[in-house]
Each structure stands twice: as C-alpha cells, then as structure tokens.
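Visitor:
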Amino acid sequence: MSKKEAVETSESQIAVHWEEEQYFYPSPTFVGQANLTDESVYDRFSLDNFPECFHEYAELLDWDKYWNKTLDTSDAPCWKWFTGGRLNVSYNCVDRHLAKNANKTAIHFVPEPEGEKIDHITYQELYIRVNEIAALLRDFAGLKRGDRVTIHMPMSAELPITMLACARLGVIHSVVFGGFSANACADRIVDSQSRVLITMDAYYRNGHLLNHKVAADEAAEISAKQGQVVDKVLIWQRYPGKYSSKTPLVEGRDVIVNEKIKEFYGARVKPESMKAEEPLFLMYTSGTTGKPKGCQHSTGGYLAYAAGTSKYIQDIHPEDVYWCMADIGWITGHSYIVYGPLALCASSVIYEGVPTFPDAGRSWRIAQDLNVNIFHTAPTTIRALRKLGPDEPAKYSFKFKHMTTVGEPIEPEVWKWYHREVGKGVAIIVDTWWQTETGGFLCSTIPGIKPMKPGSAGPGVPGIHPIIYDDEGQVIERGSGRAGNICIQNPWPGQFQTIWGDRKRFVDTYFSRYCKNSESKDWRDWPYLAGDAAMEAEDGYYRILGRIDDVINVSGHRLGTKEIESAAMTVDEVAEAAVVPVAHDIKGKEPDLYIALKTGVQPSVELQEKISAAVCSQIGKIAKPRKVWLVPDMPKTRSGKIMRRVLGAISNNKDVGDVMTLANPDVVEVIKGMIKN
Ligand code: WTA
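Following this line, the structure appears as structure tokens:
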C-alpha cells in the first residue's frame, strides 16, 4: 500500500475535532500532598540526561543485583534496560511490603452481585496465596522459567494471584481478555506455544452467571488442530468448593485448582532472580494484518516504568485506595491494576462486573463503600455513566482526589462532566495517552505541576520525547498545531522488547518508516512510530486524533479491521469484506461491515446474522458489527483496492468526495441509497 493510500484510509479523517480549551488548575490541597511537584523533573529527564535519568524509576524497586548498564543498544531496536541487574516482580509487588504492611489490603475484590461479600485480601494473604499457586504451577503443572502459559480468566482476585505466581517462577504469562472467544484464545495459545491453560469455571456479567470453562474446551480443541496441544487446563472456581460450570471436566487434562492447591498449603517458593531483560509477559494486540501481535514486555524496565508512572502520574501513595475499572486482560489492567499499584503497596480494587449493574449508581456505591480516592476509567465508560445517570455521582459521598482517563480521545463536554460531577469539581484529571506496546503512559500532564486542558492528553511524561513527522518524513514544527504521525524519539524502560517470535514485524511496523539508518546502534536513529495521528499545540500539549493504520478503537479496545474482515470471510457465501469505523455516542467507534457476496448468492437477513455471528465467535462480542451491509460490489480503485475511505464516509454520513477516479463510481450511489433506507 502506498503512503498516500495509507493516509487516505485513516481513521483520523473522520476523527472528532474540537477547539482548544481553557486550562483547569489542580487545587492547593492536591498539590500539597502530590508525589511530584518539582518542575525540575523535566530537566532531569531531558534528552541530555537520557538514559541515566531512568535510574529514578528503577530506584523504586528492590533489586537482587544492581544493573551495570542502563541502556544496552547493541541489538537495536530491541533495547535492553538495566542489564546486569536482577530482580523478581512478585517479590517487588508482594514480599517486600510484608515488613511494614502485612495487614494492609492489597486487593479488594468486589463481586458483581451486590449481596455478595467483598473480599479484602491483605498483603500477607496475597503472599500466602501467590506462593501456593506458584508451588502448584511448578510442581504439579511442571512450569519453569521461560515457559509460556495462557491465562483466560475473568476479573477476579485469582487472576492477579496467578499472574504474580507466574512472575515468581519466571514463567511468561499471556493473559487473554475474558470476553474474547475461544478462537481468539486458541490463536494466542498457538502463537505463544502454551501447553497449560488457566481459566475459571464461571463469572458474573450483567446479572448472569456465565459459563466460562466451555471456552477452554473449545480453545484447546482449536489449538490442537493447529498443532499446539494443551495438556493441562487448570480451573479456578468462582465459588471455592463448588463447580459452577455445566461443562464437564476432561479426564486427565482438567484440574480444579481449588482442590489441587490443598496439597500445597503452606508451600513457599523462592522468587526466581530474573535478569532485568528477561520477559515478564506477552500481551496480544491488534495490528494492520489479521494476526494479533504478542507484545513482549520485560521484567526490570517494565516494572520500573509501571511503578514510576503509577507514582508520579497517578499520584499513588501507599495509603490510597485505587480503583481502575479496566479489565486486567488489557494492558491498562496489567500496568495500572496489578503491577504499578501493587509495586507501590497501594490497595487496588477489582470489580467483577458491569459498572452500571444493577443501576447507574453502582460504581459510586463501590467508590463510597471502599473509600476509593483514585479512580481510573475510559471515555466509553464515562459516556455510559453520564448517559444513564448524569446526576448519580452527587447522591453518594465518595471523594476522589485524582481521576484518570485512557484509551481514546475524550470529548471536552464529557471531560467536563467527569470533572464536575464525578470529580465533584475538586479531583484532578489526567488524560493518559499510551498503548499496549508502550507498557505505560507516554503523554499526560503531571498532576501536581501542569494544568489540565480538556481534550488534550498533555506533554510527554518525564523521559518521553515525542516528535511529529509528516508523510514525507519531515519533522512538523513543534507547537504548530499541524497534524502528523506521532513518534517517540527515544526508548524508555516500559517499551515492549519485540513481537513474540517475529522480530521482523516488530522492526517493520514500529521503526522502519522513520528509521534514519537501519544499521545503526544509536537510539537516535530509531524513532518509535506509535501509529496515531496527533498535533502539538503551542503550549506543548498533544492532542491525539486517532489511528493512522487499520485499527478501530471500540469502547477503548483495539480491533484490527483485518481481523474482523477475515472473520467474516470464514462464512462460505462471502466474497469480499471491508470494515470501517462509524461514530457511536458511547463506544466512540463501532465497526460497520460491508460484504460482497459470491456470485449467485442471494442477500438475506439470515446471511447478515450468520456473518455477524461469525465475527462474534471468531473474535468476541466486542467486535460485533453495527450493521452488516450486503452490497452488490465494493467501491474500488482501478488497481482493484477496496476504497474504505468512501465506505467510511457513507457510514458516517459524510461527503464521499471525488469518486470519479474509481473503477466503479456508480456503486457509490447504490450503497448510499441502501444505507439511507
Ligand atoms: C488510543 C490502551 C486518545 C490510541 C492503553 C492508541 C488514546 C490506542 C488515548 C492504544 C488517549 C489510548 N487519547 N487516544 N488518552 N489512550 N488511545 O493498545 O489510538 O489498547 O494508539 O492501549 O488507543 O490502545 P491499547
């Protein structure tokens, strides 16, 4: 695809645009208690002080052995941070807090049914449970340092416990979002070559106890067909002591963790002393092609960055009760429910279910009852909470000092409601821009230093130096307000190390476009291409405009258009499929699916439903198309490329522009007519 076409099909063309807004300032009370109020931090983390500045983050951790090289660039652009250093992540998130804070709550698990008791797990209890499951994984499942394990679990306390147990052993976890289908889970099992799958029997969502174990059976079956045999399925029980799934256990393969673990009561497992650059986990994300990419994150650099940004941008103190509503199955949950907050000895809330179940006040009751003072969610949830219960927050007595938004651009109107109603006019907001690949925040205001500006993420966080290029590779002047492709000039410790098993794709996707010299071992030659369009205002604040590649952001979740298209193509009758993002007032974007049927196949409602069902079963319900349009033909260029830009304009009721250069301009009117009716 030529560069011009890549930009033409971009989502930023139909992104929301808004005016620059006025600043909002943090209150003196907030600033008085903030972890970071010293503006010299920007000098300390300037490019002149790179990479040594990141010592400050690494110092937040306990090291078995100090590093001797801060940044090793010898294998550019696969950077290695803190080489020579050794540490263990579970030790840093659990053991080291016991001396002073054994009885402090580490995790508050809130079940969706309101009548069920909240589970308050102390650091001491976390320590015991992590050790016991680590012993089971090692001695029963035979897992050892460097092995991969796939975890397909819902929001539960057992999920972070299992992750921390893997980290204790040096086992690389690959957590798959619980809402993903068995197919999606199988793809990840195969790609990561996992022979152990960890799951849960059931969980609550919207008032229903869903059978989750069934997905494990299907996933194991699909992955076996692709040559990856799962020989153990470990099943946690939603209600310990009771099996809550209708799906029978498979003899010889399935084991109930809650029973097996009795053999390991009291077990203690010495934390493996990991090299800083050994992988901690894989997190799969969508990209331009159909196959999800396994982003490989490191041990030392990742944890240092998650802890540092949690401390300075989220302003987490050990005495805070912190609630991030994301799912642990996404990067936000890894960095900012589990690893960052626990490394800092905070109390982290995990909520099982839907924020508006059984009513729009639920989230605020949880916040009130647990005394949550730091809150973190996505614009899609804020929009939903606002729509369903604009006046609900005022009815409850919770008081946030700090709130985060993440995952997609937030409209200034929604931002102001969040500030006024949820933050009760006093909480500060950070709009954090980052990605699965980046491990932690890239752009945000520092809450005690910089004022907030609705609709803009803010400047690069300490040690992150963005730069915007145009399509021709020229740098766009700083502060000019002109949009282009945002890159980061320098590496940082939280950055992923590679794509699991596909270094070439890693280099091609993220570096080759603006690399100055592909032989170079100097980081200055390797700007990181984030894949978003952005502009920088005069004050140095960045506004993110949306993806420049074929990725759609639905409710803050990344979906590859190619993934959805190839799911649709699994239906026999489908000849061609094209997906475009369409604006939605709560989800941000939704996929609209255009289908050309094979010759001779008649369009029907049944076929539309069949195609939609195929997408849900291949990927998950989050990918469900708004509509499946069965069109007589796709608008195409003369070289036969589907013009998604034209379809995108039609779906969004925008001007389609000049279509006369298309091979089949007439079809545009036909499709427009279909969509109007
Ligand atoms: C988008 C989620 C605007 C962006 C942490 C990015 C945002 C993609 C913001 C990554 C924000 C994330 N403002 N857009 N504050 N945060 N994005 O990998 O397009 O699920 O590239 O990571 O979400 O999504 P991912």
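Numbering (this note's numbering), first residue to last: 607 to 1283.
Using N, Cα and C, we set each Cβ at its ideal position, and we do this for glycine too.
DSSP state of HIS1163, grouped into three classes?
Guide: Working through the sequence shown from its first residue, we reach residue 1163 at position 557. Residue state, collapsed to three classes: strand.
Visitor: Please indicate yes or no: does the CB of TRP1040 lie closer than 8 Å to some heavy atom of the ligand HEM?
Guide: In terms of ligand content, the structure shown lacks the ligand HEM and carries the ligand WTA instead.
Visitor: Any idea what DSSP makes of ARG811, helix, strand or coil?
Guide: By one-based count along the sequence shown, residue 811 stands at place 205. In the three-state reduction of the DSSP assignment, ARG811 falls in the strand class, which pools E and B.
Visitor: Rounded to whole angstroms, what is the Cα-Cα separation between ASN1289 and TYR1134?
Guide: This structure leaves residue 1289 out entirely; the chain is present only between 607 and 1283.
Visitor: Identify the residues that DSSP records as bridge partners of ASP678: which are they?
Guide: Counting from 1 along the sequence shown, the entry for residue 678 is found at position 72. BP columns for ASP678 point to LYS686.
Visitor: I need the straight-line Cα distance from TYR1024 to GLU625, nearest angstrom please.
Guide: Residue numbering aside, residue 1024 sits at position 418 when the sequence shown is read from its first letter. Residue numbering aside, residue 625 sits at position 19 when the sequence shown is read from its first letter. TYR1024 and GLU625 have their C-alpha atoms roughly 19 Å apart.
Visitor: DSSP three-state label for SER696, please.
Guide: By one-based count along the sequence shown, residue 696 stands at place 90. Correct three-state label for SER696: helix.
Visitor: Taking the runs of the alpha helix (DSSP H) that are 4 residues or longer, which of them lie wholly in the region 878 to 946?
Guide: As far as the region 878 to 946 is concerned, its whole alpha helix (DSSP H) runs of at least 4 residues are 906 to 918.
Visitor: Could you check whether TRP1235 and LEU1199 sit closer than 9 Å to each other, using their CB atoms as the reference points?
Guide: Here residue 1199 corresponds to residue number 593 of the sequence shown, with the count starting at 1. Here residue 1235 corresponds to residue number 629 of the sequence shown, with the count starting at 1. Yes.
Visitor: Once DSSP output is grouped into helix, strand and coil, what is the label at GLU617?
Guide: Translated into positions along the sequence shown, residue 617 becomes position 11. Caution applies to GLU617, whose pLDDT of 41 falls short of 50 and renders its modelled position unreliable; the model cannot decide the point.
Visitor: Count Cβ pairs between the region 971 to 987 and the region 1176 to 1184 that sit closer than 8 Å; are there 3 or more?
Guide: With the cut-off at 8 Å, the region 971 to 987 and the region 1176 to 1184 do not touch.
Visitor: Would you identify the three-state DSSP class for GLU611, choosing helix, strand or coil?
Guide: Position 5 of the sequence shown, counted from the first residue, corresponds to residue 611. Bear in mind that a pLDDT of 36 at GLU611, under 50, signals an unreliable position, so the model cannot answer this.
Visitor: When DSSP labels each residue in this structure, what does PHE630 get in the three-state scheme?
Guide: Within the sequence shown, numbered from 1, the residue matching residue 630 stands at position 24. DSSP places PHE630 in strand when its eight states are reduced to three.
Visitor: Evaluate THR1267 with the Cβ neighbour count: other Cβ atoms within 10 Å of its Cβ, from every protein chain shown; 16 or more gives buried, anything less gives exposed.
Guide: The residue given as residue 1267 occupies position 661 in the sequence shown. When all chains shown are included, THR1267 counts as exposed.
Visitor: Within the continuous alpha helix (DSSP H) that includes LEU765, where are the two ends?
Guide: As a first step, residue 765 is located in the sequence shown; it is residue number 159 there, counting from the start. Note, LEU765: alpha helix (DSSP H), 764 to 775.
Visitor: If you measure between the beta carbons of GLY691 and TYR672, is that distance less than 9 Å?
Guide: Taking the sequence shown and counting its residues from 1, one reaches residue 691 at position 85. Taking the sequence shown and counting its residues from 1, one reaches residue 672 at position 66. Taking 9 Å as the Cβ cut-off, GLY691 and TYR672 qualify as a contacting pair.
Visitor: Looking at the structure shown, is ILE1082 part of a helix, part of a strand, or coil, going by DSSP?
Guide: Against the sequence shown, residue 1082 aligns to sequence position 476. Three-state DSSP puts ILE1082 in coil, outside helix and strand.
Visitor: For ILE727 and ALA712, which I take to be in contact (beta-carbon distance under 8 Å), what is that distance rounded to the nearest angstrom?
Guide: The sequence position of residue 727 within the sequence shown is 121, counting from 1. The sequence position of residue 712 within the sequence shown is 106, counting from 1. By a beta-carbon distance limit of 8 Å, ILE727 contacts ALA712. Their separation comes to about 6 Å.
Visitor: Suppose the cutoff is 8 Å on Cβ atoms and the five residues either side in sequence are ignored; what does the same chain contact list for SER1118 look like?
Guide: Counting from 1 along the sequence shown, the entry for residue 1118 is found at position 512. Excluding sequence neighbours, SER1118 sits near SER1124.
Visitor: Please list the terminal residues of the continuous alpha helix (DSSP H) segment that includes MET806.
Guide: Residue mapping note: residue 806 aligns to position 200 of the sequence shown, counting from 1. Counting along the chain, MET806 falls outside any alpha helix (DSSP H), though it belongs to the beta strand (DSSP E) covering 802 to 806.
Visitor: Enumerated in chain order, which unbroken segments of the beta strand (DSSP E) with a length of 3 residues or greater are wholly contained in the region 1180 to 1210?
Guide: 1180 to 1190 and 1194 to 1203
Visitor: Between the region 651 to 667 and the region 1065 to 1074, do at least 3 Cβ pairs fall closer than 8 Å?
Guide: Yes: at least three Cβ pairs fall under 8 Å.
Visitor: Going straight from the alpha carbon of GLY858 to that of ARG971, what length do you get?
Guide: Numbered from its first residue, the sequence shown carries residue 858 at position 252. Numbered from its first residue, the sequence shown carries residue 971 at position 365. Near 44 Å, if we compare the C-alpha coordinates of ARG971 and GLY858.
Visitor: Cα separation between TRP1040 and CYS1049?
Guide: Position 434 of the sequence shown holds residue 1040. Position 443 of the sequence shown holds residue 1049. Taking the straight line from one Cα to the other gives about 7 Å.
Visitor: Comparing the CB of ALA1089 with every heavy atom of the ligand WTA, is any distance shorter than 8 Å?
Guide: As a first step, residue 1089 must be located in the sequence shown, where it is residue number 483. With a threshold of 8 Å, the Cβ atom of ALA1089 does not count as near the ligand WTA, since no heavy atom of the ligand is closer than that.
Visitor: Grab me the residues of VAL1274's own chain with a C-beta within less than 8 Å of its C-beta, minus the 5 sequence neighbours each way, in chain order.
Guide: As a working mapping, residue 1274 is identified with position 668 in the sequence shown. Within the same chain, VAL1274 has close Cβ partners PRO1241, VAL1252, ILE1256, VAL1262, VAL1265 and LEU1268.
Visitor: Do TRP1235 and the ligand WTA come close, with the Cβ less than 8 Å from some heavy atom?
Guide: In the sequence shown, residue 1235 corresponds to position 629, counting from 1. Answer for TRP1235: no, Cβ out of range of the ligand WTA.
Visitor: Do we get a CB-CB distance below 9 Å when we pair ARG1149 with the residues of chain C?
Guide: Within the model displayed, chain C is absent; a lone protein chain is all it includes.
Visitor: Return yes when the Cβ of ASP921 is within less than 9 Å of the Cβ of ILE980, no when it is not.
Guide: Taking the sequence shown and counting its residues from 1, one reaches residue 980 at position 374. Taking the sequence shown and counting its residues from 1, one reaches residue 921 at position 315. Yes, the pair counts as a contact, with Cβ atoms nearer than the cut-off.
Visitor: Give the straight-line distance between the Cα atoms of THR1010 and GLY638, rounded to the nearest whole angstrom.
Guide: By one-based count along the sequence shown, residue 1010 stands at place 404. By one-based count along the sequence shown, residue 638 stands at place 32. Roughly 19 Å separates the two Cα atoms.
Visitor: Classify ILE1217 as helix, strand or coil using the three-state DSSP reduction.
Guide: Taking the first residue of the sequence shown as 1, we reach residue 1217 at position 611. Helix at ILE1217.
Visitor: Just to confirm the assignment, what range does the beta strand (DSSP E) spanning THR1243 have?
Guide: On the sequence shown, position 637 is the one that residue 1243 refers to. Segment: none, THR1243 is in no beta strand (DSSP E) and carries neither H nor E.
Visitor: Can you give me the C-alpha to C-alpha distance between PHE636 and PRO1053, rounded to a whole angstrom?
Guide: On the sequence shown, position 30 is the one that residue 636 refers to. On the sequence shown, position 447 is the one that residue 1053 refers to. Between PHE636 and PRO1053, the C-alpha separation is close to 9 Å.
Visitor: Check for me: the alpha helix (DSSP H) holding ASP649 runs from which residue to which?
Guide: Position 43 of the sequence shown, counting from 1, holds the residue named residue 649. Taken as a continuous stretch (DSSP letters only), the alpha helix (DSSP H) holding ASP649 covers 647 to 650.
Visitor: Whole angstroms are fine: how far does the CA of LEU743 sit from the CA of LEU749?
Guide: What you label residue 749 is simply residue 143 of the sequence shown in a count that begins at 1. What you label residue 743 is simply residue 137 of the sequence shown in a count that begins at 1. Cα to Cα, the separation comes out at about 6 Å.
Visitor: Distance check for TRP936 and LEU732, CA to CA, integer angstroms please.
Guide: Indexing the sequence shown from 1 puts residue 732 at position 126. Indexing the sequence shown from 1 puts residue 936 at position 330. For LEU732 and TRP936, the distance between alpha carbons rounds to 22 Å.
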